[in-house]
Amino acid sequence: MPTSRPRAKARFGPPPSVVVVENVTPETKPAPAKTRREKKKADPKLVAAARELRDRWLEHVNAGETLIEGAAKYDVSRVIAAPPASIDRKALPHAARAA
């Protein structure tokens, strides 16, 4: 049986005779302007060194000296062995009694 949603406001007793509705508009403050962060420039010496290392590594990979192997969580190229054709009934005592 589904449960009903709880009511937002519980009323005890008869409803009020006069319903007063006030239109209150909340005062909105202008949001402070966000200051843009300055982009930090990378040291050109370090950038050049990183590119040089990358290029050296790619030369090794393209020459075939290094194989890039995936370190994946699942080995999707693995062949799953077929289950045995006959099941040993001694290994399954409950199934042996039912048969």
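With the sequence shown counted from 1, adding 1 to any position gets you our numbering.
Beta carbons are placed, not taken as given, at the ideal position from N, Cα and C, and that holds for glycine.
A quick note: this is a predicted structure, and the numbers were derived from the prediction, not measured.
- Annotated three-state conformation of Glu66 is coil, per DSSP.
- Pairing Val62 with Leu54, the inter-Cα distance amounts to about 12 Å.
- Under the three-state reduction of DSSP output, Glu60 falls in the helix class.
- Rounded to whole angstroms, the gap between the alpha carbons of Asp56 and Leu47 is 14 Å.
- In this structure, DSSP gives Lys42 a state outside helix and strand, which the three-state scheme calls coil.
- Shown here for Arg79: not one same chain residue has a beta carbon closer than 6 Å to its own, the five before and five after excluded.
- Excluding residues up to 5 positions away in sequence, His61 lie with their Cβ nearer than 7 Å to the Cβ of Thr67 in the same chain.
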